[in-house]
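Residue numbers (the working numbering), protein chains in the order written: chain V, 3 to 142; chain Z, 3 to 142; chain G, 3 to 142. In this text, a Cβ means the ideal position worked out from N, Cα and C, and glycines have one as well. Please read the structure below before turning to the comments.
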Amino acid sequence: MARAASPYPVAVPAEPTQAQYGVVFQLDSGGDAAIKKTLANIENLLKDPRLKGKVTVELVANSKGYQVYDKNNGFGERLLKLKEHGVILAQCANTLRELHVDRKALYPFITIVPAGVGEITLRQAQGWAYIHPTPPSLME
Amino acid sequence: MARAASPYPVAVPAEPTQAQYGVVFQLDSGGDAAIKKTLANIENLLKDPRLKGKVTVELVANSKGYQVYDKNNGFGERLLKLKEHGVILAQCANTLRELHVDRKALYPFITIVPAGVGEITLRQAQGWAYIHPTPPSLME
Amino acid sequence: MARAASPYPVAVPAEPTQAQYGVVFQLDSGGDAAIKKTLANIENLLKDPRLKGKVTVELVANSKGYQVYDKNNGFGERLLKLKEHGVILAQCANTLRELHVDRKALYPFITIVPAGVGEITLRQAQGWAYIHPTPPSLME
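Here it is in structure tokens:
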């Protein structure tokens, strides 16, 4: 049976109009599931045909999100691949102090910023988008 | 007893100054509670007297958030009402592929976008606000 | 052993270029842990040397986030200190009606806004950044 024509014309996806885009991702939760979801989101963004080669991404980790940069957690290869694509990997200095995390426990190729929330503020003021994925939950 | 005058003058709500506003909502969690909270947020936004008739909304679903558009989950009527108010209902194509969701399991009146995070990026670059409600949790 | 020079030059933190910044924080979750994390985030932002004295902050509470303003929950002193730093403390009116919260149960020095999501929309349209911390979870 043919589907009836929809009375609601389907909208079209947004189209790129700028030469360059910036996006700051926030990761402020720990645990493998939260980290993997955020990294996959960034990887998908870099592959979006509308933005490919036109988007600069920064990942800002604060609170338990620092775990993404912990050498013991196994995300090094994936992070380096992102870095090769120009992704800035930023870690909140307040978090290191408050959660007693040794800088040396984290990969050397990250950037320490005074406050993760300050970094996010400055990037948005520069016109960058902000995306904060929600960690997977037991309720979904 | 009369309340003493506050030493802190109460601030006033923000006032609209633009003719048009855009807002992109992200839903990347599944489960009825998360979905209902997001839809209620959008409905409340459309009724805010400061923005009524001046705001274009897009709901971008990715990750488990696709469930809002699943025909089996019963949100069709509420979604169509939003669509009548001009809300764009967008679904991330990566999610469909990664979670093995059949496009036909979702309502026909939605818009498929290459990457949900790409769509959110493009909308913010157009000057739209971004709002990402937090799913209800067992800890609150 | 000396660490080999990294093939990936480390990026530098974002630098302030504006005289003034605005940031709207959203709190739409209840529970002490979520509230404390959000307040700590705001306190850290105000102390970021890149933004100190240049940033106006608004905290918008909706959904269970109203608990931050409940007189029974003990955040009064911390909120007043934020208010002294110019932080606008805003509460969504829809939430009060929908969750049957008496305005008098909340501190008198807050500002009621028609819709929390409307307030967030208007602030972002004014060029303010949006930051929505994720509540701590049992999975991290």
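Does the separation of the CB atoms of residue i and residue j fall below 8 Å?
i, j, result
"G/P138", "G/A36", "yes"
"Z/G88", "V/E142", "no"
"Z/F27", "Z/I133", "yes"
"V/L84", "V/I114", "no"
"G/V25", "G/A92", "no"
"G/T136", "V/D72", "no"
With distances taken from CA atoms, which of the options is nearest residue i?
i, options, result
"V/G67", "V/E142, V/L124, V/K38, V/P15", "V/K38"
"V/N143", "V/V119, V/V103, V/A127", "A question about residue 143 of chain V goes unanswered here, because the residues of chain V that appear run from 3 up to 142."
"Z/A107", "Z/R80, Z/Q69, Z/T58, Z/Y132", "Z/Q69"
"G/L101", "Z/L81, Z/A42, Z/R105", "Z/A42"
"G/G76", "G/D34, G/R105, G/P116", "G/D34"
Excluding sequence positions up to five away, which residues of its chain have a Cβ less than 6 Å from the Cβ of residue i?
i, result
"G/G118", "V62, N64, C94"
"G/L48", "H87"
"G/L82", "none"
Among the residues of its own chain, which have a CB less than 8 Å from the CB of residue i, if the five just before and after it don't count?
i, result
"V/P15", "R52"
"Z/I90", "T58, V59, E60, L61, T113"
"V/R105", "L98, I114"
"V/A6", "Unreliable placement is indicated for V/A6, whose pLDDT of 49 sits below 50; no coordinate value is reported for it."
Whose C-beta lies closer than 7 Å to the C-beta of residue i among residues of the same chain, with five residues either side of it excluded?
i, result
"G/A13", "none"
"G/R80", "L41"
"G/Q128", "G24"
"G/G78", "Y109"
"G/A4", "The pLDDT assigned to G/A4 is 45, lower than 50, so where the model puts this residue is not dependable; a value taken from the coordinates is nonetheless given after this. So no residue of the chain qualifies."
"G/P116", "A95"
"G/N46", "none"
"V/L140", "none"
For residue i, write down the residues that DSSP places opposite it in a beta bridge.
i, result
"V/Q93", "V/A63, V/I114"
"G/L101", "In the DSSP output, where bridge partners are listed per residue, G/L101 has none listed."
"G/F77", "Beta-bridge pairing links G/F77 to no other residue."
"G/V57", "G/Y23"
"V/L29", "V/A63"
"G/L124", "G/L124 pairs with nothing; no bridge assigned."
"V/A107", "In DSSP, V/A107 forms no bridge with anything."
"Z/Y132", "Z/V26"
"G/D72", "G/L108"
Item to complete: Assess, as a yes-or-no matter, whether the region 90-105 of chain G is touched by the region 18-31 of chain Z under the definition of 3 or more beta carbon pairs within less than 8 Å.
Response: Segments in contact, no.
Fill in: the region 120-130 of chain V touching the region 53-70 of chain Z, judged by at least three CB pairs closer than 8 Å
With contact defined as three or more Cβ pairs closer than 8 Å, the region 120-130 of chain V and the region 53-70 of chain Z are not in contact.
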